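Residue numbers (our numbering), protein chains in the order written: chain E, 169 to 669; chain F, 78 to 741; chain V, 2 to 103; chain W, -15 to 510.
Even glycine gets a Cβ: it sits at the ideal position worked out from N, Cα and C.
Note that the structure is a prediction, hence the values are computed from the model and not measured.
Take a look at the structure set out below.
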Amino acid sequence: MESLTTIRPELLTLSSEQFSALMPYFWVFGATVLAILAAVMRSLSPKWPVITVVLTGLVGAIVSVAGLLGKEPVALFNGMMVSDNYTHFFSLIFLISGVVTVFASIRYLDNEAMQHPEYYLLVLFSALGMMLMASSLNLIVIFIALELMSLAVYILVGYRRTDRRSNEAAVKYFVLGSGASAVLLYGAALLYGSTGSIGIRGILDFVRANPAALSPTFTLGAWLVIIGFLFKVAAVPFHMWMPDVYEGAPTPVTGFMATGLKAAAFAAFLRVFVSTGYGAGLTTAIQTHLHDILWMSAVLTMLFGNLVALTQTNLKRMLAYSSIAHTGYLLVGMIAGPHSEQGYAPLMTYLVAYAVMNLGAFVVLSILATRDDGGLNLHDFSGLSRRHPWLAFAMAVFLFSLAGIPPTAGFAAKYILFYSAVQANEILLVVISVLCSAISVYYYLRVLVYMYMRDPVGTQTRSPVSVWSAIAVAAMVAATLQIGVMPARVVYAAKKAITSI
Amino acid sequence: MLALIALLPLIGFAINGLWYVAVQAPPGGKKAGATVSGVIATTAIGGSFVLSLLVFLRLKGMPAEARVIEQVVFDWMTIGDFNLEMVFRADPLSSIFTLFITGVATLIHLYSIGYMGHDATPGKFFAYLNLFSFSMLMLVLGGSLPILFLGWEGVGLCSYLLIGYWYADMDKASAGKKAFIVNRIGDFGFLLGMFMIYDKFGTLDLLALRDTVLQSSSAGLLLAADLTAITTICILLFVGCMGKSAQIPLYVWLPDAMAGPTPVSALIHAATMVTSGIYLVARLNFMYSLSPTALTVVAVVGVVTAFFAATIALVQRDIKKVLAYSTVSQLGYMFLGCGVGAYSAGVSHVITHAFFKALLFLGAGSVIHGMHEEQDIMKMGGLKSKMKWTYLTFAAGWLAIAGIPPFSGFFSKDEILWRSFSAEHGSFLFWLLGAVTAVMTAFYMTRLFSLTFLGSPRFKEQGEHHGHSTHPDGHHEHGHGGAVHESPMTMVFPLQVLAVLSVIGGFMAIPHMSWLDHWLEPVIPVDHGVAAGVAPAMEWVLMALSVAGAAAGIFFAFKLYADLAKVEKLKQRWAGVHKLLENKWYVDELYEALFVRPIYTLSVALWKGFDTAVIDRVVLGFGRVSEWSGQTVRVVQTGSIHLYAFVLLIGIIATAGYLLYGLA
Amino acid sequence: MNQVEPWVVLSFSSIIFMIGFTGILIRKNILVILMCIELMLNAVNLTFVTYSTLLQDMAGQMSVFFIITVAAAESAVGLALVIAMFRTLRSVSTEEIQLLRE
Amino acid sequence: MAWLDSHLLTATVFLPFVWSLAGLLIPSGTEGGKTSLKIWALLGSLLTLAISVLIYQRYIPAGPEFQLTETVAWLPVFGISYSLGMDGLSLWLIMLTTFLMPIAILGSFNAVEQRLKEYYFLLLSLETGMIGAFVATDLFLFYVFWEAMLIPMYFLIGIWGGKERIYATMKFFLYTMVGSLLMLVAIFYLAYQHKVQFGTYSMQVLDLYKLTLGGGTFSSPQSVMFLAFALAFSIKVPLFPLHTWLPDAHVQAPTAGSVILAAILLKMGGYGFMRFAFPLFPEGVAYYQLTFMVLGTIAIVYGAWVAMVQPDIKKLVAYSSVSHMGYVILGLFSLNAVAATGAYYQMLNHGISTGALFLLVGMIYERRHTREISHFGGISRVMPLFAVAFLIITLSSVALPGTNGFIGEFLILLGSWKANPVLTAIAALGVIFGAVYMLWMFQRVMFGPVTHKENEGLKDLSAREIAVLVPLIIAVFAMGIFPNFFFQKLEPSIERFLARSIPGGAAVTQVVDPVTSSVQLVMKGN
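So, in structure tokens, the structure goes:
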């Protein structure tokens, strides 16, 4: 970062490549600004203008990301950020989950009588943070992006201001999340101290140059950074916050967190991991120990997530635990990555599949949620297939996918993920994983039992389904099946993305 | 042509069966008389008889050594070098069986037209009867063991169906089931024997098997192990025969089988099916002859069965039961013959027995028919005058079975007795038991004859409609009144024919100039060898002794049953023995306690105690353990922010510590 | 002029960091916990500055500015959440927020 | 024609699914709509049957191993392709599926009155899954069909099942799922080994056959992976002691569900053994041969015993399936042509006769709404046609010669005697007990006086029901009398199966008794 010590004017100009590489961010940020303007203009009802602006921003960003796909990586802001396929890959996940979240929220917020424009702004902000996380090459930028994302999400979690559970979730998340951020930051400081660089590339260069000179400070620093991410993805033993927060947050937000936020954390995690961890010249002893830690963590995560999910009766909380479990599967991909031919591509494929099916499931929950996020207990789902045949069908698709049963995305992704783990000779880990997914089948299918095989309890009214939610659900169903049947494109994209780092 | 012999009854079956299914079975279906069905069925089997006769004549026209007609209909199963053809083969043995089977069957079909005249579903009855004939013919014409087995099981099936023909009576249905299952136990042995044959000799074709065995034995290729194997094979197959031919310990089904209509008892459970065991042993004589052990087993089982069944027959009151036990006993004789190596003697007794036993059963049927389903001989008597033809023909059968010369039974039985004494594998004990049995046979048959036809009637003639009905098929609802009457002509005619055959049938196998022995020679080598130390003159002595014994039996029986009060006294004096015999040595009860109950209890225990209580519990246990661990672990999530942070800290310290430890 | 050894400063900052973390563990008042978080961030700042001096590199100093900014935003959000919580719960004690569990 | 050949299998596999999708458009609110929906489903299944006859006609036994192949790259990075192909082993199971499907559909015209659209949709999708699994020559594709099949079955049992349907369907799903997951791990390992040994990725079963894997010990790859595969297939078969899902699933499933479950889904297990587990891991087979033969034998006797004491007809039939499928295992593990052919044939037989039994039970259940044996008695008099059909199927089930059942059991035992006479002798006890439980049940249901008033007015079979049963009855006899018709197209496949499944080639395993071999040789010389 010696370059920062002198001011060089050429750094302040943007080449056309750089400009177009920044377009997605401009779209999102521009939309945020415009939406704020629209929101404060009291003369018109803010709902639709804001939504229009927000969606335009997100869709514009998606379009411009799509235009960037496959292009050569572009370094931005003096190498603090990069726009490569890896970035685009994740940006698409974030943006799409942003769009879906917005779609799901429209009717939801009406129901909760809290249709405020800020909500959409916060979604945009956190989407921006996520995008930055995936693209930054600098620990401080990562921190800022992380905070940008998290702060917005803290507020979203507590968005149901008058609801006790929402408040509680927000405060818990805030306290623990800030603590974890501080830990991450402390790790960054230690890395900086031991390598003399705050940029990931700089750290990598240092490691490559002095493989033998790795100090405990470096190791500790790198690990603390990783813990920051492990906290966000809720790997055991850093998972404790997750069920409570997922349960307390408004349902669409939970969906957003489960997909976007987790993907963002993995995006940054992976970048840092690849840079400072395995691929580099760490000593074998550390690699073995790192492997052991991740291995244990993966096993515990899968076991804990699945076993506790088994006992849940609230669907949101169940999906929270299942989300922990899925983190465990993702960690398997993390462990297998360096040793298998496909590298981290299976992990990324899984993230996509996971995002699609989980988003879908949460949109369905958002539709069915009654005021104050009620109506999400198992017995509320009794006879759903009669009230909402299509919704039940969609939910069934998502649940089968989550359980990893063909021909759905969940199966294809899991197949690829575990396959690469076998290639990495992690057979025991895979055996444990598949047994854990067998456990998961039980609680996913139990929901189906309620939806299809039990008669409705009491008088249950049909929840109105908004067009927006319907579109979102339909799109996610299509995507789940599409990826399940034709996983090749996603796998290739992931492969391209990971090789562009 | 061979295939047609078997096929004709099958066609008859198809016509009658379809007719039954299409017309009689559907609700509101027409009630049809027995005549049409009966004529169809009788024509079919009659056609078979004619064809059999033609085949017989053709064989007769051939040189003795070449007397084989073969017809391959199609390849049944072909797997690699395992090839099983659907092949029919007629040789002297099977042609003689075919002949008497079709002959007797035709008569019984004819008889049934009258007997089943008032049945509700005659189509079904005659279809079954034809199916039986088809199976039986498959059994004797089949050129390989599996085809033989096809017939073997087929007759078992028909037996099952016909015993339980009046299925509305649970006891009758049970009797059918019992027959099938006990036969299955025998078939189990048959199957294993077949497998072993295939394993050892690589073929199941009877002719090829015979060649293989005879050639390797004459070439001296059979080692001790092979002979042991042959012994095992023979005994296993004999287990099959025990089932089918009702030998100890598998005879228990046959007495119960009398639940079926009487023509069925005559055809299946006296004349034909039950003798298929003897057919099998005779057919495989080349193997049995190689195994003295197996022969001994056959002989011992045979003679013991003969004696044992005769004792039971002494005290039975049901006319059909007496005949049934006598059948078991006579079958024992046949096996005794086979067991001492006198296969053709066994076969000749099969044929004579078919004549006189069919006659006796049909006669009994006629009596029952005339008595309106009364089967207890204690409630009969004096039928001589009321049923003249039945009486006369029955008498012929009675004398034949009692072994009075020159009736047919005498020749065949005497030959068996003589051979059981004189043959290489024979012994005095065999003869003694056989002879005692012969005396008992004469006794109980005379008892039966006397109680049924002689003396004064012990029943009341009912002038009105005979009300009691156990058969809802309306079998009893025939319109004519309750008077005891002679049976119609369709029933009497077969009786007459059979009576003639019973009288003269024995002449085909007169000792020392037996036409039958000669005829069977290509299949069954004639062996009149006499064991060392047996004087040829003994034959006449023994013959005289057995005739005298029979006469004595008849005499005592007449004497005794002329005065029933005396019988009662005798009964009381020997109450224990009588009870034991009346209850058939409690064999059924023994089997119930020994096999049926324990297996049933075990099955329930396995189901409730293992399937549900162990396997399922283990399986569900996995679920429970998961659920339980989930419940246990979830307690960690106390909701306390401090605990959450603490776990976070512990995680950091533990992982970082482990990592740094790796660095050190 | 006495030179302070870098390791002293680094140790000092790590102790402060630990104190901050301990605060999260033991303090029931959420406002205090917020302060503890600030404390942790400031400990990081101190570390950055120390390393920056040690390495003669400006990046560390710059990072501090960013962190301070973010910390401010974080406090703002945190306080807002605590206020919202106080409105519904009439309390800022962590003992009141154990509704969501298991 | 070439175009047709290379797409025929795809057409067969997906026709029912596409057809059923179109069926979703039929409005099912009215009576007319309901009827047209039923007809639509029936037509779809009949059309599939027609196409499958084309498959039969185009398959040349002497031709290449897999025929009518179609391969499209799917996920080349992992060597996964959409590969279809069929041989003799597939052929008859496809035919069985397409043959039974219209029957099952026709059989449920009256049984199912609720949610018709979903019902027929699921039934036809199930058909797609089943045929797909039989023709997939790519291991991944096979696994996809194998698992996907569970979904329709899950719903069929869970929605239209009996009282305990939820328990039953969950049990069914989880049992099967857990079993197949370990197989999945083994599949990964296999695919990986292909990469290691040949440098390319492939999931083609023909490529995987060529792998060399260590075997012979408990922990050798062949033994372990064989066990993983065998677990999945044994659960499906189901082999004692993994059979406890079956009685529950069978009893609770609706008639068509039971029929398909018993007739076809169970065959997946046997098919899996023959197509994958055996040829892939011959030394694993050798290592576990005795174990599985013992288990198969236990299944035969155990299944029969437990069947004997069941109070519920469907449960009895379910346990009889355990017994019958035990023969299949015994036959397969005997590793000779006679037994293997018998085992395969037994699978078809079981499909026909157990399928028919479930249909019959379903028919009487529709009339009486009970399946307790003790609630019947004397039905023969009330429903004579029903009795005739039931009798024939019962006889087929007890393997009476002349019916299909005999051929299978006879060949299996004949072959297994060579491999292990003692076990064969014990297994042959099943012949006795098979008769005991079936005839006893038959007697209690059909014979005796009519003891329950409700049974007096039962209607005999309707024309539709006769149409359902007649093809099955014809099949029973046709298969019993002309087995060679089936063997002809099967033989080369069985030979290939054996050549691969026996380590060191077919010649070695013939357990030759030195004494008798001399006799046989001499005799063959003559």
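Closer than 9 Å, CB to CB, is Gly707 (chain F) near chain E or not?
yes
Going by beta-carbon coordinates alone, are Gly707 (chain F) and Val476 (chain E) separated by less than 9 Å?
yes
Could you work out which residues of chain C lie near Glu75 (chain V), taking near to mean beta carbons separated by less than 7 Å?
No chain C is present in this structure, whose protein chains are E, F, V and W.
Can you list the residues of chain W that Trp756 (chain F) reaches, using a CB-CB cut of under 9 Å?
The structure shown does not extend to residue 756 (chain F), since chain F is modelled only from 78 to 741, so the question has no answer here.
Closer than 8 Å to a non-hydrogen atom of the ligand GDP - does that hold for the CB of Val434 (chain W)?
The ligand content of the structure shown is nil, which means the ligand GDP is not present either.
Pull up the CB-CB distance for Thr32 (chain W) and Met85 (chain W), whole angstroms please, since I reckon it's below 8 Å.
7 Å
Three-state secondary structure (DSSP) of Arg259 (chain W):
helix
What residues from chain W crowd round Lys254 (chain F), counting only those whose CB sits closer than 9 Å?
Ala419, Val420, Leu423, Trp424, Phe426, Gln427 and Phe431
Mind the definition here: the region 519 to 536 of chain E touches the region 553 to 569 of chain E only if three or more C-beta pairs lie below 8 Å; say whether that holds.
yes
Between the Cα of Ala634 (chain F) and the Cα atoms of F:Lys461, F:Phe487 and F:Tyr521, which residue gives the shortest distance?
F:Tyr521
Going by CA-CA distance only, name the one from W:Val301, W:Leu482, W:Val293 and W:Ala288 that's closest to Val269 (chain W).
W:Leu482
Counting Cβ pairs, one atom from each stretch, are 3 or more of them under 8 Å apart for the region 340 to 353 of chain F and the region 200 to 215 of chain F?
yes
Using a Cβ-Cβ cut-off of 9 Å, state whether Ala722 (chain F) counts as contacting chain E.
yes
DSSP state of Gly542 (chain E), grouped into three classes?
strand
Report the neighbours of Ser64 (chain V) on chain E: residues whose CB is nearer than 7 Å to its CB, in chain order.
Ile308 and Ile366
Beta-carbon separation of Ala488 (chain E) and Asn474 (chain E) under 9 Å?
no
So, is the C-beta of Ile395 (chain E) closer than 9 Å to a C-beta in chain F?
yes
Whose C-beta lies closer than 7 Å to the C-beta of Arg480 (chain W) among residues of the same chain, with five residues either side of it excluded?
Glu49
From the DSSP output, in three-state form, read off Leu79 (chain F) for me.
helix
Helix, strand or coil for Thr522 (chain W) per DSSP?
Outside the displayed range of chain W (-15 to 510) lies residue 522 (chain W), so it cannot be described from this structure.
Outcome for His178 (chain W) when other beta-carbon atoms lying within 10 angstroms are tallied against a minimum of 16:
buried
For the beta strand (DSSP E) containing Tyr66 (chain W), list its first residue and its last residue.
Ile64 to Met70
Cβ of Ala350 (chain E) within 9 Å of any chain F Cβ
no
Are the CB atoms of His334 (chain W) and Ala247 (chain W) within a distance shorter than 9 Å?
yes
Would a check of beta-carbon distances place Met621 (chain E) closer than 9 Å to chain F?
no
Counting C-beta neighbours from all protein chains within 10 Å, is the total for Gly47 (chain W) 16 or more, i.e. buried, or is it exposed?
exposed
Other residues of its chain near Met33 (chain F): CB distance less than 6 Å, five sequence neighbours each side excluded
With chain F represented from 78 up to 741, any question about residue 33 (chain F) goes unanswered, as that position is not in the structure.
Would you identify the three-state DSSP class for Ile10 (chain W), choosing helix, strand or coil?
coil
Could you tell me if Ala141 (chain F) is buried or exposed, where buried requires 16 or more neighbouring beta carbons within 10 angstroms of its beta carbon?
exposed
Is it the case that the region 184 to 200 of chain W contacts the region 223 to 230 of chain W, given that we only count it when at least three CB pairs across the two stretches are under 8 Å?
no
Reduced DSSP secondary structure (H/G/I, E/B, other) of Phe90 (chain F):
helix
When you compare only the Cα positions, how much space is there between Ala490 (chain W) and Arg484 (chain W)?
In this predicted model, Ala490 (chain W) has a pLDDT of only 46, less than 50, meaning its place in the structure is not dependable enough to derive any value.
Within the 9 Å Cβ cut-off, does Leu458 (chain E) reach chain F?
yes
Name the chain E residues whose beta carbon is nearer than 8 Å to that of Phe157 (chain W)?
Val609 and Leu613
Just verifying my parser: in three-state terms, what is the DSSP assignment at Ser533 (chain F)?
coil
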